[in-house]
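Residue numbers (our numbering), protein chains in the order written: chain A, 1 to 424; chain B, 1001 to 1325. From the three backbone atoms N, C-alpha and C, an ideal C-beta is built for every residue, glycine too. Only one structure is covered here, and it is reproduced in the block below.
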């Protein structure tokens, strides 16, 4: 029995990967930096061990020792004071870039809220409150790696270089806003909750198969951890040694449903344990904690090909989307308590205390951001004027338009519906 | 030239495509060591290794979502759903992502994957192992939906599907997996997706079928020939995009049309074909279009599954009713 227990505990896991160097013969060969282990040997050894254990008669009831450490990390507190020993070494310009990105995302929310209320764009999902969770994590990802978002990652998108004008065109209801940047390893928004994480695992599995070392960072919320796909993704990533960083932004709500109704788990990070995945919970409004956890996860992904689940405990300070009224399910006092934990303010306090940022510099930054969004909206408007002249609803359905779609398109262009009769 | 069953022919197609293109990978439940529960992937793990023939955890959504990621990054995954009746656990990955990714990204990303799954009744299996839900997939924009009917076209279509840049749902009629052998040519035969085949020419009636209904339709055509009734027998092979010119040109010539499918009657392919025939051949019709389909019930447990399935007698009765109309 002892062997069986050991087999199931994380401490034994390194031995699970002892077959790395002897993969089976492969017809044709891609250059692979990493060789598969022969899982068939492992399966057999597990089978033998469990049968022997039963024969030894030590069952049926015994406590299984289960080693499990779950870290919690917080570096920058609500007052903007940090544990100096734990603050990661980050070049000043990167710190400022991080701050600017967070501020931009928040101002973009405000700008979009006005545009939405005046009819300029449609529904969107504000990011306010989650800027540190996003910027802190995405900053650890390489530009050659994959960013696999859900639909609220405005701050992470800005860090990756997604153009605000494209986002506005998307928000205004044009498919063209979803075009990918050239060579962009940023996936489009995934609206069905929790469905994108499996794709992140598949992406990096494929990259390895093609001889490339790429990792993926995928984003989702607390609600997504109730979805089967989240569990399947963690499981696939672990079983196939996929270098994926799972970033859970636990913002306390799935539209109106609070975390207490999603799960009875004390943390979301602990869900990693069942899959043999490293889990860590961090203060999601603390950009340093988010960054350190993400950097370690990225390192684990690159050097060990192992996934990590990071739970960023944060708060959605605005509505779920502009179609939502949060006063129906939470009170102002709660929002106020989280406002005191604002990720941008505490980062600003820390930066100012180190003379890396001044009020004048923030004002200047605000003006630049404002001008940038003015410009982006102008660009979006002029592009939309052009787009309005076209109605390419049949575009990009297939690599080549099918004869059936051609027929439907031509009928619609002639003013008929897609289904009509020819002269029989 | 070899005489192969459909299982062997599909295995051959997978092997050929994996040899031709290193990007082709298989994944699914039991596809590796076990060679698939129907042995469709037999021996492939030995020859191509377990990083290309991947035994996955038991999770249909996982298999499909993972495959979509693989396809977007440049591989050509061929995931297997062990039975089409289990594919619903991953239906959202197909509808929400595989079918939409090209469109969503304005051509920036594509999902060239082939989802293979056995479908249909007639092998005395358990619940969920016998249904025919091709319409679920044929109804989704952005997908292609292929249903071979015999070893030769299964091999040629699967090879084409794997080379196709769009996601293809590949329904394998499991009742035909080992029911008969067929000569499969040695050359690189490729079928064209979206093309139906007129397997027999005739003047009196157009009979449209596909998949596991083809052997029964052929039997009916042979019986009708004894009464000097000649039939245009069309094997659709692709349900989406369907080869409408072949179907409607035939009906315009014969003036009569019978459609056979084992999927339930309502909203089935027969309904779509009847509507198209009306749009494109109404004035040539000598009789209403007849549908020979499964009833709108779940496929009964196997003791009664043949009662559910359209058989030669039901097809003959419909054909004669249309001829005598």
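Contact between the region 190 to 198 of chain A and the region 1024 to 1039 of chain B is absent, with fewer than three C-beta pairs closer than 8 angstroms.
For residue 1082 of chain B, there are no C-beta contacts with chain A under 7 angstroms, since the nearest C-beta of that chain is about 16 angstroms from it. If you check each beta-carbon in the region 186 to 209 of chain A against every beta-carbon of chain B, the ones closer than 7 angstroms belong to 188, 192, 195, 198, 199, 200, 201, 202, 203, 205, 206, 207, 209.
Taking a Cβ-Cβ threshold of 7 angstroms, the residues of chain A close to residue 1070 of chain B are 202, 205, 206, in chain order.
In this structure, residue 313 of chain A sits away from residue 342 of chain A, with a CB-CB distance that is not shorter than 8 angstroms. When CB distances to chain A are screened at a threshold of 7 angstroms, the residues of the region 1125 to 1149 of chain B falling below it are 1141, 1142, in chain order.
Contact annotation: in the region 296 to 312 of chain A, no residue has its CB less than 9 angstroms from a CB in chain B.
Taken through DSSP and simplified to helix, strand or coil, residue 1325 of chain B comes out as coil. The CB of residue 396 of chain A comes closer than 7 angstroms to the CB of 1102, 1103, 1106, 1107 in chain B, given here in chain order.
Your pair residue 262 of chain A and residue 218 of chain A does not check out as a contact, with CB atoms roughly 18 angstroms apart and the cut at 8 angstroms. At a cut-off of 8 angstroms between beta carbons, residue 403 of chain A contacts chain B. Nearest CB-CB separation between residue 1280 of chain B and chain A: below the 8 angstroms threshold. By the beta-carbon neighbour count (other beta carbons within 10 angstroms, threshold 16), residue 1243 of chain B is buried. The shortest CA-to-CA distance from residue 384 of chain A to any of A:362, A:256, A:67, A:174 is the one to A:174.
In this structure residue 99 of chain A is in contact with residue 351 of chain A, their Cβ atoms being roughly 6 angstroms apart against a cut-off of 8 angstroms.
Fewer than three Cβ pairs drawn from the region 110 to 124 of chain A and the region 331 to 341 of chain A lie within less than 8 angstroms of each other, which leaves the two stretches out of contact.
In this structure, the alpha-carbon of residue 1216 of chain B lies about 15 angstroms from that of residue 1174 of chain B. Using beta-carbon distances, residue 350 of chain A does not count as an interface residue toward chain B, since no partner is under 8 angstroms. For residue 1144 of chain B, the enclosing beta strand (DSSP E) covers residues 1144 to 1146. Comparing C-alpha distances from residue 1214 of chain B to each of B:1293, B:1020, B:1093, B:1055 shows the shortest one belongs to B:1293.
Excluding five sequence positions before and after residue 1256 of chain B, the CB atoms of its chain that fall closer than 6 angstroms to its own CB belong to 1205, 1286, 1287, 1322, given in chain order. The region 1176 to 1190 of chain B makes no contact with the region 1228 to 1235 of chain B; the number of CB pairs closer than 8 angstroms stays below 3.
Runs of alpha helix (DSSP H) with 4 or more residues, each lying fully within the region 1025 to 1102 of chain B, are found at 1044 to 1048, 1060 to 1072, listed in chain order. Note: residue 1240 of chain B is bridge-paired with B:1145 in the DSSP secondary-structure output. It is roughly 12 angstroms from the alpha-carbon of residue 1109 of chain B to the alpha-carbon of residue 397 of chain A. With a 10 Å radius around the Cβ and a threshold of 16 neighbouring Cβ atoms, residue 1180 of chain B comes out exposed. Scanning B:1036, B:1005, B:1107 for the CA closest to the CA of residue 1083 of chain B turns up B:1036. According to DSSP, residue pairing for residue 1291 of chain B in a beta bridge involves B:1259.
By a beta-carbon distance limit of 8 angstroms, residue 246 of chain A contacts residue 309 of chain A. Their separation comes to about 4 angstroms. The way I'd put it, the region 291 to 310 of chain A does touch the region 137 to 147 of chain A; three or more beta-carbon pairs between them come closer than 8 angstroms.
Residue 1073 of chain B belongs to the set of residues whose beta carbon lies under 8 angstroms from a beta carbon in chain A.
With fewer than 16 neighbouring CB atoms inside 10 Å of its own CB, residue 1298 of chain B falls in the exposed class.
For the region 203 to 277 of chain A, the full-length beta strand (DSSP E) segments reaching 3 residues or more read 216 to 221, 244 to 250 along the chain. Counting only Cβ-Cβ distances below 8 angstroms, residue 1062 of chain B has contacts in chain A at 198, 229, 232, 233, 235, 236, in chain order. 1240, 1241, 1242, 1243, 1244, 1245, 1248, 1252: these are the residues of the region 1227 to 1258 of chain B whose beta carbon lies less than 9 angstroms from some beta carbon of chain A, given in chain order. At a C-beta separation below 8 angstroms, residue 175 of chain A has these neighbours in chain B: 1103, 1104, 1106.
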